[in-house]
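Protein chains in written order, with our numbering: chain A, 1 to 137; chain B, 1001 to 1137; chain C, 2001 to 2137; chain D, 3001 to 3137.
We put the CB at the ideal spot given by N, CA and C, even for glycine.
The structure displayed is predicted, hence computed values, not measured ones.
See structure below.
Number of protein chains: 4
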Amino acid sequence: MLAITKKTQYRILYADTDMMGVVYYGNYGRLFEMGRTEMIREMGLPYIELEKKGIVMPVFSVESKYRNVLKYDELITIETTVKEVPLVRMEFFHTIYNEDGKLAHEAKVVLVFMDMKTGRPVRAPEALTNLLENYTD
Amino acid sequence: MLAITKKTQYRILYADTDMMGVVYYGNYGRLFEMGRTEMIREMGLPYIELEKKGIVMPVFSVESKYRNVLKYDELITIETTVKEVPLVRMEFFHTIYNEDGKLAHEAKVVLVFMDMKTGRPVRAPEALTNLLENYTD
Amino acid sequence: MLAITKKTQYRILYADTDMMGVVYYGNYGRLFEMGRTEMIREMGLPYIELEKKGIVMPVFSVESKYRNVLKYDELITIETTVKEVPLVRMEFFHTIYNEDGKLAHEAKVVLVFMDMKTGRPVRAPEALTNLLENYTD
Amino acid sequence: MLAITKKTQYRILYADTDMMGVVYYGNYGRLFEMGRTEMIREMGLPYIELEKKGIVMPVFSVESKYRNVLKYDELITIETTVKEVPLVRMEFFHTIYNEDGKLAHEAKVVLVFMDMKTGRPVRAPEALTNLLENYTD
């Protein structure tokens, strides 16, 4: 069973908020991106290296549940988990906690692998799946 | 049966794109906002009027499916549909088409009604539900 | 003397605001982009056509003066003016008015012309300067 | 003479880029915000504390010079400097370096102090100026 989790911290800016005084619902995508990028980097394969191999990972779907607000200047924690070695899609689960450790958000973001030249979907590159196997029991 | 649909057009800016050359996945939230705001306005109750009555509508959940890319300078169409008169949650369905009329995105965005002063969820205000009844068979 | 002005309207979204309840200072760049894009389009040469000719126009400098706030749901007017036929730089002057016609913002945005392949600055393409000459007394 | 400088690091996201493959010119505002927020925090007075005292700091003007591009995944450095104890305006100078230490951007951002209740400009609060005096020769 695969179990890999990465915690990333980020401090909320004015730029992230809206006039309701909390993070704008449409700004969570960058928080998920931050989470998954730092997870992949820690595994030893920064996303930019994948692109150098000609692979890009466009987003296929997002499911997002807003549990509690995120406020200005809070130091939030984005917990990112991957549960399965990807075949053609890679699923990232994000749980965001506010500064007090309270659950604020849950999301599932699914990405696919695409050959940059052909624009066609491809299988997960071995450079990535091999690394993920290291985290499998 | 309720059936209300509004089409909103928008031209993609550089600001919306990312280095993949298409609209950044995290920028769709503002497209949905544009769609639902224009729908409510057309019904005769701009969202800002709700706020003046002390009601805000925070987002509860988003489900988003990326079917095709949206490119720079395309004049896209955001089709927004409401299928049910809301009780405590209001569901907006968004279908986005690119300039050629090709399906690009499908999303369901659920909002709740909240009393601005107490911060507590409330029922859909009659000012809104009465208007929606007009669109019901 | 060259004198070309284009007015573009835009309605402020929640996405544009911050917790101070007005448009976030860092979101004006997209308003300027909207203004200059629509000006160039109206002249008969959409920016995307320039790119097809291999020319991109990176921003060189921005000077921005915040005179009054822009509020949620306001239908603002972005007035964009070009005063000189460009040689190697093109200067856009933007004046933004709120819904009541009150001056809200003044900006000067300078762009350069760059050959997409070489990454080197080039002179303004004739396709553009010829069009601008039409607006010269 | 006052001389206070703070270096803040940030890694560029896809969210920050545009289809030219570099940070969108309109996204620098959040980099400046990050720089000045971290400077004030380090001085011992987080901006949020000013707001609790009823003072907000709207932006008055921005001057921005784009010297070199900032690329995806680069770990950039935002160097923020304050040169004078503010009376009614506070000037922040930002110099941004790319991962290789190359100058990428220079900006001057001027903010004013405003009483949150009256909406009127006020003098710099002593809580802030006293701290700044500590950095004066």
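Nearest by alpha-carbon distance to residue i: which of the options is it?
i               : options                            : result
A3104 (chain D) : C:I2012, C:G2029, C:V2085, C:V2059 : C:V2059
E2091 (chain C) : C:Y2066, C:T2118, C:L2132          : C:L2132
T2084 (chain C) : C:Y2025, C:T2136, C:Y2014          : Here residue 2084 (chain C) turns out to be Glu, not Thr, going by the sequence shown. Answer by Cα proximity: C:T2136.
T3118 (chain D) : D:A3107, D:T3080, D:I3055, D:T3017 : D:I3055
M1114 (chain B) : B:R1011, B:L1070, B:K1053          : B:K1053
L3087 (chain D) : D:K3102, D:K3071, D:E3126          : D:E3126
T2008 (chain C) : C:N2130, C:A2124, C:H2094, C:A2107 : C:H2094
V3122 (chain D) : D:M3020, D:R3089, D:G3026          : D:R3089
R1120 (chain B) : B:M1057, B:E1049, B:N1130, B:K1102 : B:M1057
A1124 (chain B) : B:M1020, B:K1108, B:K1102, B:E1051 : B:E1051
V1109 (chain B) : A:N134, A:E49, A:G26               : A:G26
Are residue i and residue j touching if we call contact CB-CB under 8 Å?
i               : j               : result
L1128 (chain B) : L1002 (chain B) : no
L2031 (chain C) : I2078 (chain C) : yes
Y3028 (chain D) : S3061 (chain D) : no
Y1024 (chain B) : Y3014 (chain D) : yes
Y10 (chain A)   : M34 (chain A)   : yes
M1039 (chain B) : K1071 (chain B) : no
I2012 (chain C) : I2076 (chain C) : yes
R3041 (chain D) : T3080 (chain D) : no
V1082 (chain B) : V1022 (chain B) : no
D3018 (chain D) : T1017 (chain B) : yes
R1067 (chain B) : E1106 (chain B) : yes
Starting from residue i, follow the beta strand (DSSP E) in both directions and report where the run begins and ends.
i               : result
Y3097 (chain D) : 3089-3097
K2065 (chain C) : 2059-2066
Y1010 (chain B) : 1004-1011
L1050 (chain B) : L1050 (chain B) -> not in any beta strand (DSSP E); alpha helix (DSSP H) instead, spanning 1047-1052.
E2106 (chain C) : 2103-2115
Where does the unbroken alpha helix (DSSP H) through residue i begin, and where does it stop?
i               : result
T2129 (chain C) : 2126-2133
L31 (chain A)   : 28-43
Would you list the residues sitting across from residue i in a DSSP beta bridge?
i               : result
L2075 (chain C) : C:R2011
G2122 (chain C) : The question names Gly, but residue 2122 (chain C) in the sequence shown is Val. Per DSSP, C:F2113.
V1022 (chain B) : B:K1071
V1082 (chain B) : B:I1004
Within 7 Å: the Cβ of residue i and any heavy atom of the ligand FMN?
i               : result
K1053 (chain B) : The ligand FMN is absent from the structure shown, which contains no ligands of any kind.
**OP:** Closer than 8 Å, Cβ to Cβ, to anything on chain A: give me those residues from the region 3045-3073 of chain D, in chain order.
**Re:** For the region 3045-3073 of chain D, which is checked against every Cβ of chain A, the residues closer than 8 Å are P3046, Y3047, I3048, Y3072, D3073.
**OP:** Residues of the region 2102-2121 of chain C with a CB closer than 8 Å to any CB of chain A: list them in chain order, please.
**Re:** Taking 8 Å as the upper bound on Cβ-Cβ separation, chain A lies near no residue of the region 2102-2121 of chain C.
**OP:** Select from the region 29-40 of chain A all residues with a C-beta closer than 8 Å to any C-beta belonging to chain D, and list them in chain order.
**Re:** G29, R30, E33, M34, T37
Original post:
Going along the chain, which residues of the region 10-22 of chain A sit with their C-beta nearer than 7 Å to a C-beta in chain D?
Top reply: L13, Y14, A15
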